[in-house]
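77 is the number that UniProt numbering gives to position 77 of the sequence shown; each next residue is one higher, with no gaps.
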Amino acid sequence: MIEKLDAAALAGLAETLPHWQVTEGQDAIRREFRFRDFSAAWGFMARVALLAEAQDHHPDWRNVWNRVEILLTTHDAGGLSARDVQMARAIDALVDAGVP
Ligand code: H2B
1 MIEKLDAAAL AGLAETLPHW QVTEGQDAIR REFRFRDFSA AWGFMARVAL
51 LAEAQDHHPD WRNVWNRVEI LLTTHDAGGL SARDVQMARA IDALVDAGVP
């Protein structure tokens with residue numbers, strides 16, 4: 001069983017993951033990305049899919065042409081866990097590196 005984030009970690013999320021919003025209910029974090037076009041969005045999604053497989057942690061996501069909305073939550077914990085923070089950081093690092 002994976003532990004949920006404690007109150008202190010939840011309170012610190014705005015600082016540790018400034019691009020991500022905590023959803024109402026505090027059981028997920030969300031970020032929206034915009035790309036040049038569908039091809040760029042899909043390229044990004046392919047990279048995130050590889051990350052998800054490597055971390056065995058998979059996003060809830062939605063793609064509309066050049067937009068990708070990603071929600072991260074830990075089903076096994078019934079809310080947010082350190083695995084979501086780790087995945088969000090890895091996704092941010094991809095974007096910071098200019099992917100796609
Ligand atoms: N992804 C997410 N987002 N949450 C999980 O709890 C989760 C997962 N659990 N990917 C993993 C897979 C689990 O179901 C497998 C069996 O390891």
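Ideal Cβ positions, reconstructed from N, Cα and C, are used throughout, including at glycine.
message: Quick check on the DSSP output: the beta strand (DSSP E) that includes L51 runs from which residue to which?
response: Unbroken run through L51 is the alpha helix (DSSP H), 38-55; no beta strand (DSSP E).
message: Quick check on the DSSP output: what are the complete beta strand (DSSP E) runs of length 3 or more inside the region 58-97, in order along the chain?
response: List check, beta strand (DSSP E) in window: 60-64, 67-72.
- prompt: When the Cα atoms are used, what is the spatial distance from L50 to L71?
  reply: 16 Å
- request: Examine the Cβ distances between the region 10-26 and the region 41-55 and report whether three or more of them are shorter than 8 Å.
  value: no
- request: Note the first and the last residue of the continuous beta strand (DSSP E) segment covering E32.
  value: 29-34
field: Supposed contact pair I29 and L80 - C-beta distance, whole angstroms, cut 8 Å
entry: 7 Å
Contact belief for F33 with V68 at Cβ below 8 Å, rounded distance in angstroms: 5 Å
query: How many Å lie between V85 and K4 at the Cα?
result: 11 Å
query: Start and end of the alpha helix (DSSP H) containing L10?
result: 7-11
query: Going straight from the alpha carbon of residue 149 to that of D92, what length do you get?
result: The structure shown does not extend to residue 149, since the chain spans only 1 to 100, so no value can be given for it.
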